[in-house]
Each structure stands twice: as C-alpha cells, then as structure tokens.
Amino acid sequence: MELNARIPTGPIEKIWDEHRFQMKLVNPANKRRYTVIVVGSGLAGASASATLAELGYRVKCFCFQDSPRRAHSIAAQGGINAAKNYQNDGDSVRRLFYDTVKGGDFRAREANVYRLAQVSVNIIDQCVAQGVPFAREYGGLLANRSFGGAQVSRTFYARGQTGQQLLLGAYQALERQIGLGAVQMYPRTEMLDLVVIDGVARGIVTRDLVTGKIESHAADAVVLGTGGYGNVFYLSTNAKGSNATAIWRAYKRGAAFGNPCFTQIHPTCIPQSGDHQSKLTLMSESLRNDGRVWVPKTKGDTRAPAEIPEGERDYYLERKYPSYGNLSPRDIASRAAKEVCDDGRGVGPGGRGVYLDFADAIRRLGRAAIEERYGNLFEMYERITGEDPYARPMRIYPAVHYTMGGLWVDYDLMSTVPGLHVIGEANFSDHGANRLGASALMQGLADGYFILPYTIGNYIASAKLAKVDASHAAFRDAEAAIAARTKRFLETKGTRTVDDFHRALGKIMWEFCGMTRTEAGLTTALERIPALRAEFWRDVNVPGSDVELNQALEKAGRVADFFELAELMCRDALQRKESCGGHFRLESQTPDGEARRDDAHFAYVAAWEYQGEGKAPVMHREPLEFENVHLAQRSYK
Ligand SMILES: Cc1cc2nc3c(=O)[nH]c(=O)nc-3n(C[C@H](O)[C@H](O)[C@H](O)COP(=O)(O)OP(=O)(O)OC[C@H]3O[C@@H](n4cnc5c(N)ncnc54)[C@H](O)[C@@H]3O)c2cc1C
C-alpha cells in the first residue's frame with residue numbers, strides 16, 4: 001500500500017492557494033456527465049452534496065435516517081470555531097492553527113490544519129448568508145464565546161443548538177438541489193459495501209431499510225461523510241444510530257484506517273445512572289465559560305453542595321491549570337475528573353461525578369443572562385436528572401464523545417482507494433490525538449463546502465475513468481456477500497440480543513481502551529474481544545425478516561463491524577507506547593500525572609491495512625513533520 005499524503009511544498013500560508021491553482025478543472029458543461037455518490041447527510045455530507053450539485057455534478061446522497069435533516073450533527077450544542085478575530089483579542093489564522101496542533105498533542109498534519117484555519121473564516125460567511133441565526137451582540141455583530149484549549153474567544157454559536165442551526169442551513173442548500181433534480185436523495189438507505197473496480201472506487205451497494213431491497217449504485221467518485229464510531233463503546237454521547245459500517249467496509253476494501261485508537265472522552269456529561277442506560281447525554285463545553293468545576297476537599301463528604309463552605313471545596317482545574325482553569329482541554333479535564341473520583345472525592349450516586357457550579361456566574365451576571373446563554377441545556381439537564389441547575393450545581397462525569405481516528409486521507413481528502421474521498425468525523429481528521437471543542441463542525445463544513453468541491457474536480461479531471469454501470473460483476477459479488485451475511489444473522493436464532501452483546505463489548509472497551517490504557521489491559525481486551533465476537537456469531541438472536549423494517553437486523557450488522565473495529569483500536573493503542581491527547585498509557589506519564597509523548601518514536605500517523613479474514617492487519621507509518629510549530633510538552637498551567 002502506498003501512503004502518500006501528497007502535501008504540496010512551499011510556505012504553509014500559500015500552499016492551499018497554489019494547490020488550487022495547479023488543479024485541473026472540469027469544464028462546466030461536462031460536470032453533469034459525472035455522478036458522485038455522497039454517503040451521509042450530516043454537516044459534512046450535506047454541505048458536500050449541495051456544493052457539488054451547485055457546481056453541476058450529478059449527486060446521489062444517502063442517509064439511514066428518514067430525513068437528511070436528522071443526521072447526528074443536529075446534536076452539536078456549543079459552537080463552531082473560526083479565526084475571525086471579531087473580539088480583537090489576539091486571534092488569527094496562525095493562532096487557530098497553533099492551538100489546534102497543540103490541542104491535538106502534535107499528532108496532526110500541519111498542512112491540513114493550516115488550511116482548516118484559513119477556510120474557517122469563509123464558513124461563517126457562508127452560513128450567515130444561508131441565514132443561520134448565530135448569536136449576536138447588542139449592536140448586531142456576531143457574538144463569540146470561549147472553548148477549551150484556547151485563550152481567545154472564537155466560538156460562534158446559536159444558543160446550545162449550533163449543530164441544528166448549521167445543519168438547517170446545509171439542509172436547505174441540499175433541498176434546493178434535490179428540488180432542482182441535481183441531487184437524488186436516498187433516505188432510510190444504508191450503505192453496506194464499497195465497490196472497487198480495477199483498484200478504483202466505482203460505487204456502493206445499499207439496503208433499503210424499509211423494504212429490505214439490496215441495490216447497486218455506480219458512480220465516478222464516492223464520498224463518505226458517515227460520522228464517528230464512538231458507539232463502539234456502547235455508551236456514548238453520540239446518537240444511537242451512529243456507527244462505523246460504511247468506513248469499516250471501505251477499510252476491508254483497501255482504505256487504510258488512521259489512528260483508530262484516538263478517541264475523545266468529554267469531561268462534561270451527565271453521569272451514568274445505572275446499567276439499564278443505553279445512551280449518555282452531553283452538557284456542552286460552553287458551560288465551562290461560566291461554570292466552575294469542583295469537588296469536596298474531604299473524601300466521602302456527603303453533605304449537600306450548598307452546605308460545603310468555600311474553603312472546603314477543591315476547584316481542582318483552577319488549582320492545577322491556573323492559566324486555562326475551567327477551560328482546560330477535554331482530555332486533561334476528563335483525566336482530572338477521574339483522578340478526583342478515584343481519590344474518593346466524587347459526588348452523587350456511586351461517587352462518579354464532579355460539580356459544575358453556576359452560583360458565582362448567576363450572582364455576577366444574573367439568572368436571565370445565564371438562561372439566555374444556556375437555557376436549553378439547563379432545561380435538558382433538569383429533565384434528565386430532576387435537579388434544578390440554577391439552584392444546585394450540575395453533576396457531570398466524562399463520557400465517550402468523538403473519534404479522532406477514521407479513514408486515512410491525503411491532503412486532497414482521498415483515501416488509499418483512488419476515487420474514495422472521506423470527509424467530516426469519518427476521516428482521521430485534523431485533530432491529532434485530541435480535538436478541541438467547536439472544531440468538529442468547523443472541520444466537517446470546511447471539508448464539505450470548501451475543500452472537497454475542489455479536490456474532487458481535480459480527481460475527476462485527472463483520472464481516466466472507464467465506463468462502469470451497476471451491471472458489473474463486482475456489484476453482483478458484493479450483493480451476494482450481503483445477502484449471505486443477512487441470511488446468517490437471521491438463521492442463527494441464538495439466545496442473546498444484539499444489544500446484549502454490544503453492551504458487553506462496550507464494557508470491555510471502556511475498561512481497557514477507555515480513559516486510561518495499559519499494556520496488560522489491552523492484551524486482555526485482545527483476548528476477550530475475539531472470544532465475545534465468536535459467541536456473537538454463534539448465539540445472537542435476530543428476530544423478524546429481511547424484507548421489512550428490522551432494526552435488530554440493522555444493529556446486528558453494525559455491531560458485527562464494531563467487534564472487528566474494537567480489536568483494531570486495541571491493537572493500535574497497544575503499539576502506541578506513549579501518551580498523547582486522549583490516548584493515555586499509564587506507563588507513559590510525567591511525575592505530575594500528565595501525558596508523556598515520545599516524539600522520537602511515535603511522531604507518526606498509524607495507518608492500518610486490512611489483510612483479509614483472520615489475518616493480522618499491517619501498520620504503515622506516515623511520519624509527521626513539524627516545521628511551523630515548535631514541538632513541546634503540552635502545558636496549560
Ligand atoms: C452531543 C454532541 C454535541 C456536539 N457538539 C459539538 C459542538 O458544539 N461543536 C463541534 O464542533 N462539534 C460538536 N460535536 C461533534 C460534531 O457534532 C460531530 O463531529 C459532527 O457533527 C459530525 O458530522 P458528520 O457530518 O461528519 O457526521 P454525522 O452528522 O454523524 O452524519 C453522518 C451521516 O452519515 C449517514 N450514514 C452513516 N453511516 C451510513 C451508512 N452506512 N449508510 C448510509 N448513511 C450512513 C447518517 O445517516 C448521517 O446522515 C458534538 C457531538 C455530540 C455527540
């Protein structure tokens with residue numbers, strides 16, 4: 001496998017401009033002759049589909065929800081970053097670039113991150129033009145707030161519903177193209193395989209989730225914007241439907257998987273309340289602008305928070321990280337919460353919680369101001385916990401939230417399979433080992449509105465694509481393999497539900513490949529996961545049939561893929577004998593408990609190549625070079 005990132009040479013500020021100039025263009029009159037498949041209608045997929053169609057390409061867009069508007073992106077709460085410097089507080093493209101590379105603990109590709117920071121400013125203009133109702137200052141200018149890992153205010157927001165408002169903008173642009181006939185939309189349709197012909201991505205095979213019909217779709221290029229795979233842990237803040245099937249099947253067709261073990265655990269989620277639970281709820285990081293995180297100084301202190309005097313509280317983030325305080329990055333804030341709970345100072349049932357307290361902010365700004373900023377989040381918290389966060393501090397605890405890993409892509413967002421492009425959370429992304437808050441929306445929209453529309457044109461104009469349609473034998477083979485797998489699920493008639501197996505897999509992953517990782521733990525996981533997977537295939541019970549809406553069948557396919565991906569994640573975590581960002585190997589820490597990187601041996605992207613059923617995957621390395629930022633021990637003190 002060739003792993004060539006194809007990073008253009010030259011000064012980092014100029015390479016994207018120069019690269020665009022060097023690209024081949026497709027004649028406007030010819031664009032309608034090309035079909036592009038986009039799987040996914042979240043911020044990445046919807047923005048890409050709308051833009052490609054606007055340019056003149058024929059687009060087929062797929063999603064498994066009943067409407068593109070219900071993609072998981074609507075869940076995003078807090079905001080989207082951009083280097084507009086509206087606050088005049090010292091922000092710039094270079095600073096956003098620097099913060100992102102540092103925030104990712106120096107495990108991201110410089111050139112991609114710089115481009116991301118550059119186009120961030122266009123995203124805001126684009127969205128405002130679409131009518132996205134960003135919060136505004138009294139005088140009408142767009143407002144900003146702060147997010148973790150940055151000392152400037154560069155986060156644009158729409159109350160606590162930024163993802164929903166941004167998606168409405170992208171969705172309207174997409175609907176316009178659907179109305180014009182330029183985009184053919186396939187809701188409730190799941191991609192189950194990628195079809196590669198003569199080494200090039202030429203289509204996909206799908207299943208209609210309502211009728212069960214298996215269908216083939218040929219195209220000149222395929223784009224995956226299928227989101228992240230945090231649900232491999234069973235419990236996460238992701239939508240229940242988020243899954244890895246599209247990228248996993250593409251991996252098995254030759255697309256390298258980048259840094260699979262890089263997962264983000266978010267520090268501010270509502271603590272798990274019991275074993276019955278199937279989902280965790282995020283409390284946006286934006287709350288840390290005004291909320292102060294603390295636990296009692298004394299172990300086992302069960303007094304109500306209001307009864308614990310100021311002097312007996314430990315505002316541990318402010319104490320440990322005085323420069324960034326409550327806005328320390330997610331990986332650091334999560335580990336700090338775990339540490340105080342492990343120390344016996346956690347609050348709430350089971351002692352797995354810390355306080356996020358707004359009393360100071362309410363005293364300073366008034367309840368109305370807090371309500372205006374975070375009203376919907378407070379309401380959500382109250383509905384779930386039955387506690388009023390205006391009167392009593394919220395209880396929060398870290399939970400799985402985002403996956404920095406994903407399919408490896410080059411500078412043009414193309415995977416190792418020519419013609420297969422990957423955007424948004426589905427690619428291994430620009431966030432290195434830890435994503436900064438409000439940067440996922442920025443990346444998804446940068447990819448979809450401003451990067452892919454150029455690079456895909458260059459691919460189409462440069463590639464010599466033979467005529468292919470869905471009657472090609474490769475499509476028949478893929479369809480037959482899907483039918484055989486479906487039959488196997490339905491005929492197993494075992495005793496345990498898919499969810500039961502998924503929950504068991506999640507427990508292994510959380511224990512051994514979660515917030516902290518060790519060689520012994522990962523080795524144990526690598527024994528337990530294959531054993532549980534074998535049991536899954538022997539004993540899973542999938543009721544119903546394959547010619548109707550059958551959610552157990554949908555889940556069975558996704559969980560089967562999670563089993564295989566989980567193993568790759570543990571393998572990747574095992575080989576990376578350093579700590580960086582969200583990947584914390586207990587064996588590799590500084591005397592004060594911070595992550596210790598090993599740049600001499602691990603300054604690379606691990607890109608895994610599938611070798612076939614039952615064979616160990618091969619790891620390739622893309623060395624990371626830092627010419628524009630100084631490699632340093634990350635410090636937020
Ligand atoms: C609770 C929460 C809050 C967040 N808040 C923020 C925030 O404030 N700021 C920020 O920057 N980030 C935030 N994030 C992260 C951010 O929301 C996501 O990273 C981002 O929205 C992902 O967008 P996407 O387009 O890549 O994927 P998604 O929005 O997940 O969309 C995936 C699409 O792919 C489709 N799909 C998937 N698999 C298949 C398949 N096999 N066949 C057909 N279709 C398929 C789905 O139907 C869907 O349309 C948050 C995440 C969570 C969980």
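Here the working numbering is used: position 233 in the sequence shown is 233, and no number is missing along the way.
The C-beta atom is built at its ideal place from N, Cα and C for all residues, glycine as well.
All values reported here derive from a predicted model rather than from experimental measurement.
Quick one: measure Cβ to Cβ for residue i and residue j, integer angstroms, because I've assumed they're closer than 8 Å.
i: Ile456; j: Ala221; result: 6 Å
i: Ala250; j: Ser415; result: 7 Å
i: Cys570; j: Ala525; result: 5 Å
i: Gly424; j: Gly225; result: 5 Å
i: Thr206; j: Phe106; result: The Cβ separation is near 39 Å, so there is no contact.
i: Lys60; j: Gln172; result: No, Lys60 and Gln172 are not in contact; Cβ-Cβ is about 19 Å, not under 8 Å.
i: Tyr604; j: Leu631; result: Tyr604 to Leu631, Cβ: 13 Å. No contact.
i: Gly437; j: Glu285; result: 4 Å
i: Asn434; j: Leu407; result: That belief does not hold up - the Cβ atoms of Asn434 and Leu407 are roughly 19 Å apart, past 8 Å.
i: Gln264; j: Pro187; result: Gln264 to Pro187, Cβ: 29 Å. No contact.
i: Lys299; j: Arg345; result: 6 Å
i: Glu379; j: Ile214; result: So it is not a contact: roughly 43 Å between Cβ atoms.
i: Ser236; j: His431; result: With a Cβ gap of about 17 Å, Ser236 and His431 do not count as contacting.
Would you mind stating whether residue i and residue j have Cβ atoms separated by less than 7 Å?
i: Val210; j: Leu549; result: yes
i: Pro271; j: Arg395; result: yes
i: Leu142; j: Phe156; result: yes
i: Leu43; j: Leu490; result: no
i: Leu449; j: Gln126; result: In the sequence as displayed, the identity of residue 449 is Tyr instead of Leu. Yes; because the gap between Cβ atoms is below 7 Å, this pair is in contact.
i: Arg585; j: Arg517; result: yes
i: Arg496; j: Asp539; result: yes
i: Thr397; j: Leu287; result: Correcting the residue identity first, residue 397 is Tyr in this sequence and not Thr. For Tyr397 and Leu287, no; Cβs fall outside 7 Å.
i: Asp314; j: Val295; result: yes
i: His217; j: Ala399; result: no
i: Val119; j: Val101; result: no
i: Phe257; j: Trp608; result: yes
i: Leu327; j: Gly148; result: yes
Looking only at DSSP bridge pairs, what is residue i linked to?
i: Val200; result: Ile197
i: Pro623; result: Tyr604
i: Gln589; result: Ala595
i: Ile214; result: Arg207
i: Glu190; result: Arg207
i: Asn81; result: Thr155
i: Gln264; result: Tyr402
i: Gln184; result: Lys60
i: Ala221; result: Val36
i: Asp314; result: Val295
i: Met414; result: His421
i: Arg145; result: Thr155
Quick one: Cα of residue i to Cα of residue j, how far?
i: Asp357; j: Phe512; result: 31 Å
i: Pro28; j: Val223; result: 20 Å
i: Arg634; j: Asn541; result: 48 Å
i: Val196; j: Ser49; result: 21 Å
i: Gly614; j: Glu567; result: 12 Å
i: Ile37; j: Leu282; result: 32 Å
i: Tyr411; j: His620; result: 17 Å
i: Gly241; j: Tyr390; result: 32 Å
i: Ile74; j: Gly163; result: 5 Å
i: Arg488; j: Ile370; result: 54 Å
i: Ala333; j: Arg33; result: 51 Å
i: Ser323; j: Asp89; result: 16 Å
i: Asn4; j: Asp342; result: 44 Å
i: Gly557; j: Asn259; result: 23 Å
i: Tyr459; j: Thr51; result: 16 Å
i: Asn144; j: Ala158; result: 10 Å
i: Leu116; j: Ser429; result: 10 Å
i: His583; j: Gln151; result: 24 Å
i: Met404; j: Ala463; result: 30 Å
May I ask you to check if the CB of residue i is nearer than 6 Å to at least one heavy atom of ligand 2?
i: Cys63; result: No copy of ligand 2 occurs in the structure displayed; its ligands are ligand 1 alone.
Between the Cα of residue i and the Cα atoms of the options, which residue gives the shortest distance?
i: Asp198; options: Phe134, Lys467, Ser273, Arg517; result: Lys467
i: Leu650; options: Ser579, Glu387, Glu54; result: No answer is possible for residue 650: the residues shown for the chain start at 1 and end at 637.
i: Ser67; options: Lys84, Asn85, Ala46, Val59; result: Ala46
i: Val200; options: Gln575, Leu420, Ala440, Ala520; result: Leu420
i: Thr9; options: Asp17, Glu2, Ala239; result: Asp17
i: Lys507; options: Ala461, Gly78, Gln65, Ser278; result: Ser278
i: Trp537; options: Phe475, Asp500, Tyr355; result: Asp500
i: Asp599; options: Gly351, Ala108, Val417; result: Ala108
i: Ala616; options: Lys14, Pro530, Ile204; result: Pro530
i: Glu175; options: Gly254, Leu452, Thr492, Gln130; result: Gln130
Any C-beta of chain C sitting closer than 7 Å to the C-beta of residue i?
i: Gln77; result: Judged by its chain identifiers, the structure shown contains no chain C, having just a single protein chain.
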